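In terms of full-length UniProt numbering, the sequence shown opens at residue 1 and continues consecutively.
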Amino acid sequence: MTTLTHLQRLEAESIQIFREAVSESERPVMLYSVGKDSAVMLHLALKAFAPSLPPFQLLHVDTTWKFRAMYEFRDQFVAEKGLDLLVHKNPECVERGINPFDHGSAMHTDMWKTEGLKQALDLHGFDLAFGGARRDEEKSRAKERVFSLRSAQHRWDPKLQRPELWHLYNARKAPGESVRVFPISNWTELDIWQYIHREQIPIVPLYFAAKRPVVERDGALIMVDDDRMPLQPGEVPEMRSVRFRTLGCYPLTGAVESEADTLTGIIQEMLLTTSSERQGRVIDHDSSGSMEKKKQEGYF
Numbered sequence: 001m002t003t004l005t006h007l008q009r010l011e012a013e014s015i016q017i018f019r020e021a022v023s024e025s026e027r028p029v030m031l032y033s034v035g036k037d038s039a040v041m042l043h044l045a046l047k048a049f050a051p052s053l054p055p056f057q058l059l060h061v062d063t064t065w066k067f068r069a070m071y072e073f074r075d076q077f078v079a080e081k082g083l084d085l086l087v088h089k090n091p092e093c094v095e096r097g098i099n100p101f102d103h104g105s106a107m108h109t110d111m112w113k114t115e116g117l118k119q120a121l122d123l124h125g126f127d128l129a130f131g132g133a134r135r136d137e138e139k140s141r142a143k144e145r146v147f148s149l150r151s152a153q154h155r156w157d158p159k160l161q162r163p164e165l166w167h168l169y170n171a172r173k174a175p176g177e178s179v180r181v182f183p184i185s186n187w188t189e190l191d192i193w194q195y196i197h198r199e200q201i202p203i204v205p206l207y208f209a210a211k212r213p214v215v216e217r218d219g220a221l222i223m224v225d226d227d228r229m230p231l232q233p234g235e236v237p238e239m240r241s242v243r244f245r246t247l248g249c250y251p252l253t254g255a256v257e258s259e260a261d262t263l264t265g266i267i268q269e270m271l272l273t274t275s276s277e278r279q280g281r282v283i284d285h286d287s288s289g290s291m292e293k294k295k296q297e298g299y300f
């Protein structure tokens, strides 16, 4: 009898989740944020439905404030794989010029991401959305199920979570409701990196350490990615060896000082680190329990 390794068990579980979710859905979609978790999730989806392409579109809810390297990677990778990518931008945000500097991180995230996601799901009639959230990332995500029911208004109610004993999932929903499905929910950050290394999955170069222009704000190293970022009086970007453990809108994502410029270096760093990967996300610190509040309002 062949014994599966830890990564093989995780891979098999995720592939089964993809297949079961698609069989229970009328119009599924995969949320693609261009980060490492999305890269692994997409790789698993390609395996789950090989030799065909996944039977669903990819959806990128664009804030227009992602790192330039993320947009370059997204467009090149999608073109190479022949994938069907939808890009949605909240038209109200475009019209009003919503940005993290003039309107604050909370409003920026709510308008661009939460409201933008709900708009896209309603506009295209998606009844199931795959997301790359993992339980080890944040405490509110730790208590969310793999198949997470959302109301007709896309709200998440922790009290209505369904039991998932023995990996049995319930995708049934009333008219108007939808389901968010998290195929890599049981993976850790270290699992993600070990799998990327094993499978040689392409990722955005920002995850690797390199000399980059950063300024220090409120204890976070913020990369000056383009000329839209206003510098404070006396603030001068400094070239430092940094990398990103998580990627979001660049003014709201802090880098970490690192020399890990290879996958093996990153894995070694992960084995020694004691801090959360989302410590650099400004939006997670807007208020106490901010992530849970965002999820209840429709955030993925």
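By construction, the Cβ of each residue, glycine as well, lies at the ideal position given by its N, Cα and C atoms. These numbers come from a predicted model, not from an experiment.
In whole angstroms, give me the CA-to-CA distance for L117 and E177. 15 Å
Please report the straight-line C-alpha distance between S151 and E199, rounded to a whole angstrom. Across the structure, S151 and E199 are spaced so that their CA atoms are roughly 37 Å apart.
Under 6 Å Cβ to Cβ from Q57, same chain only, skipping five residues before and after it: list those, please. These residues qualify, in order along the chain: V29, D84 and L86.
From E11 to V236, what does the alpha carbon distance come to, in whole angstroms? 45 Å
Give me the Cβ distance between P183 and S25, rounded to the nearest whole Å; I'm assuming they're in contact under 8 Å. Incorrect: roughly 13 Å between the Cβ atoms, too far for contact.
Local conformation of K143 per DSSP, three classes: coil
Please report the Cβ distance between S148 and R172, rounded to the nearest whole angstrom; I am assuming they are in contact, meaning their Cβ atoms lie under 8 Å. In fact, because the Cβ distance is near 13 Å, the residues do not count as touching under 8 Å.
Where residue 307 falls: helix, strand or coil (DSSP): Nothing about residue 307 can be read from this structure; the chain reaches only from 1 to 300.
Taking the alpha carbon of V215 as the reference point, which residue from M239, D227 and P202 has its own alpha carbon closest? M239
DSSP three-state call for K66: helix, strand or coil? strand
So the alpha helix (DSSP H) M41 belongs to, where does it begin and stop? K36 to A48
Using 10 angstroms around the beta-carbon of T114, count the other beta-carbons present and answer buried if the total reaches 16, otherwise exposed. Buried.
Would you call the segment 119-126 in contact with the segment 139-147, where contact means no fewer than 3 C-beta pairs closer than 8 Å? no
One question on the structure: do A209 and A260 come within less than 9 Å of each other, judged by their Cβ atoms? yes
Using the rule of at least 16 other Cβ atoms within 10 Å of the residue's Cβ for burial, across every protein chain shown, is E257 buried or exposed? exposed
Expected contact under 8 Å - CB spacing of I201 and V34 to nearest Å: Cβ-Cβ separation between I201 and V34: approximately 13 Å, too far for a contact (criterion under 8 Å).
Per DSSP, cross-strand counterpart(s) of C249: DSSP output for C249 lists K66 as bridge partner(s).
Only counting the same chain, and skipping five residues up and downstream in sequence, which positions put a Cβ closer than 8 Å to that of G125? R27
Quick check on this structure: which residue in F18, R74 and T2 has the alpha carbon closest to the alpha carbon of V204? The shortest C-alpha to C-alpha distance from V204 to any of F18, R74 and T2 is the one to R74.
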